[in-house]
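Those letters in the sequence shown? Residues 2 to 646, per the numbering used here, in order.
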Amino acid sequence: MSTESLIQIWAERIAHYTPEVRESLATKIAQSETTQAEKAVIYLGAGTCGLGAGAGKTLTAIQAYLAEKSVEAEIVETGCIGLCAVEPMMDVQLPGKARVCYQNITAGKVETVLDGAFADAPVAEDVFGQFRQDGRANYDALPYMDEHPFFAPQTRWVLKNCGVINPGSIEDYIASGGYAAMAKTLMDKTPVDVCEDVLGSGLRGRGGGGFPTGRKWQFAQGQAAEQKYLVCNADEGDPGAFMDRAVIEGDPHRLLEGMVLASYAIGATKAYIYIRAEYPLAIARLEVAIEQAKQYGLLGENILDSGMSLDIVIKKGAGAFVCGEETALIHSIEGKRGMPRPRPPFPAVKGLFGKPTIINNVETLANLPAILANGPEWFATVGTEGSKGTKVFALSGNVKLTGLVEVAMGTTVREIVYNIGGGIEDDKAYKSTQIGGPSGGCIPEQHLDIEVDYESLKTVGAMMGSGGLVVMDEETCMVDVAKFFMDFIQRESCGKCIPCREGTRRMLETLERLTSSTRGEGKNDALRRFQSVMLLERQAKVIQDTSLCGLGQTAPNPVLSTLNFFRDEYEAHLYERKCPAGVCSDLIDYRIIEDKCIGCTACARKCPTDAIMGAVKSPHYIISDKCIACGACFDACKFDAVIKE
């Protein structure tokens, strides 16, 4: 949408603004979109991932450089553009020139990079790519961002603005087309129209359940009540998941616009953002965005003179995984202990404070502005028959290019891991991808070409989940992975229902027996270990069938998935008492090869239990009864004389 169109919308539909506010907004929008900026702009990726990589020190170095060189330039802190593997990322935009993105810009590299940038001669080895921008001169020798293998296969709708605009500026969001869909919808569509558009788009809940969003809204819309609520679930408790955090840090106004649209559709006048307190930067940017939206009349009473009012409240959670379940989340907002309750009644009928309530996650709500702006047919053109649109994934683990990716539904796991992620780190062999977090399953090599959609993933014992995607290489022990997730689930169980509380504990104990040492194990202990493993699948099925909430019902998925595809590893742990991947330290024996040992004593000096004996310049040996399998000798040996067995 052009600047003139945006200004016309505000001029026509925000009559209650003072002339000063209208003039200020129009001026700031025009400045944000102008093709000839008056001074240079330096953009720094200052999301949580960027700050963790050292962006704070990079910012200090940039400020010092500008002061020392007397260079006039604006510094803009953005969210994460998605490629966490090459953080800190810094962009430089000179007047009339294309914006250039630089990678791995630590504090020590700032001076060299900025010297080249301000001389209009970017240092090629530090350049990641340049943006395509109308009206700006491009650099002939530099690659384009959208042609990089990480970005080229992506379809960035939800992440469109992340890492690009200033998340602390409502004017930047409006200049990029923000709030235009909301303004048009509030004036031209009824709540029934909005529900039908969202239902027609095929948008399904991105929190993991995959229920059609429009249908869910219709349940609440049809309820007669003096008060209705909308709740945004930004709790995001899955290990390896950071999609919601990154979206909020990089584009908070997109979430707010989506919440207004959803509230209008269901008739809610109050909304909550339930977000874990461990996300301080996301919370801070939300607080700024809410105040800005109120200042411009986009939140509060009589939004855009439409007659609609909406108050948004931030509710900080304590990080309990179970509060990702919607009824437990409701209890937490109400000030009660976060524990699920039986359904029905469903929250759409009787939810927060006993009133009709709709709960959507961040990604679901962030899709709404584009759907209402472009129409349901536009959204439905991307994806598969039963899964429309795009999906955001947090790509992590043993993959070369970690970060946040957004792909069209129907993209294969192979494309995500190898095309976007660049393949396995250190070029090791692929083993599995855990998708869906603790409630999901593993995708082995034989299923790498499976499409990412709600139905396909279920056929291999996995699920979409909220979007965590953890890649594992050949050195991963799948029994250990199952134990990790079962330990997480067991600790995070709310304890309300016996199948989840006690069943996951018994399953965890079985996995611990599988990965523990045989030293001192009696005949009865060995028999109990064997019997418990034989009952593992039966226990899992009972937990699935009898747990109260969805979290308990999906808790055994990682175990069942690994049992299905990696049963040989379970059998090796059970029968041979060996860990094929060499991860379970209790099952590893270390031995020194006499012909390779030169008697340097490096291993003996590192051994914490004095389990290594031998004279200087003579072959050494390990006393097995004293060895604790810590691996210190293996790491210390430079001659490959120490081996794992």
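Virtual Cβ for every residue (Gly too), placed ideally from N, Cα, C. Everything numeric in this text was worked out from a predicted model, so none of it was measured.
For Gly46, the enclosing beta strand (DSSP E) stretches over residues Ala41 to Gly46. DSSP, read as helix, strand or coil, puts Met465 in coil.
About 5 Å separates the Cβ atoms of Gly468 and Phe394, confirming a contact at the 8 Å cut-off.
Sequence-distant partners of Cys580 (beyond 5 residues in either direction) whose C-beta falls short of 6 Å from its own C-beta, in its chain, are Cys478 and Leu588. If you look at Pro445, you'll find it in the beta strand (DSSP E) that goes Gly442 to Pro445. With respect to the 8 Å criterion, Val453 and Gly411 are classified as neighbours on the basis of their beta carbons.
Pro439 sits away from Asp636, with the two beta carbons spaced by 8 Å or more. Its Cα nearest to that of Arg568, the residue Glu538 stands out among Gly551, Glu538 and Arg592.
Where Leu405 is concerned, the enclosing beta strand (DSSP E) starts and stops at Gly404 to Ala409. Apart from sequence neighbours up to five positions away, the residues of its chain that approach Cys196 with a beta-carbon distance below 7 Å are Gly215, Trp218, Gln219, Gln222 and Ala266, ordered along the chain. Per the coordinates, the alpha-carbon of Gly55 lies some 12 Å from the alpha-carbon of Cys85. In the structure shown, Phe640 falls within a coil segment according to DSSP collapsed to helix, strand and coil.
Rounded to whole angstroms, Glu426 and Asp474 show a C-alpha spacing of 8 Å.
Only buried fits Lys161, as 16 or more other CB atoms lie within 10 angstroms of its CB.
In this chain, the beta strand (DSSP E) harbouring Thr358 covers Thr358 to Asn362. Taking every protein chain shown into account, the CB of Ala118 has 16 or more other CB atoms within 10 angstroms, so this residue is buried.
Around the C-beta of Asp173, 16 or more other C-beta atoms lie within 10 Å, and the residue is accordingly described as buried. For the pair of segments examined, the stretch 114-128 was found to touch the stretch 93-106: the number of CB pairs separated by less than 8 Å reaches three. In summary, Gln64 is exposed, with fewer than 16 beta-carbon neighbours lying within 10 Å of its beta-carbon over all protein chains present. Residue pairing from DSSP places Met473 in a beta bridge opposite Ser433. Straight across, the Cα-Cα distance linking Gln491 with Ala278 is about 22 Å. Secondary structure of Val323 (DSSP, three-state): helix.
The C-beta separation of Ile360 from Asn234 comes to about 6 Å, placing the pair in contact by the 8 Å criterion. Ile249 is positioned such that its CB atom lies closer than 8 Å to that of Arg286. In this structure, the straight-line span from the alpha carbon of Tyr273 to that of Gly211 is close to 21 Å. When secondary structure is reduced to three states using DSSP, Phe394 falls in the strand class. Judged by DSSP in its simplified three-state form, Met508 adopts helix. The stretch 444-453 makes no contact with the stretch 541-552, as fewer than three CB pairs between them are under 8 Å.
Bounds of the alpha helix (DSSP H) holding Thr61 are Ala56 to Lys70. In the three-state reduction of the DSSP assignment, Gly438 falls in the helix class, which pools H, G and I. Sequence-distant Cβ neighbours of Pro213 in its own chain, meaning closer than 6 Å and more than five residues away, are Arg205.
Fewer than three pairs of CB atoms, one per stretch, sit closer than 8 Å, so the stretch 333-341 makes no contact with the stretch 290-309.
The residue among Ala176, Lys98, Ala263 and Thr602 with its C-alpha nearest the C-alpha of Thr365 is Ala263. Ranked by how close their Cα comes to the Cα of Pro341, the residues Val165, Ser562, Gly179 and Glu493 have Glu493 in first place. In the pairwise beta carbon analysis, the stretch 148-163 is classified as touching the stretch 421-435: at least three pairs are separated by under 8 Å. The beta carbon of Tyr431 lies closer than 6 Å to those of Ile425 and Glu446 in the same chain, with the five residues before and after it left out.
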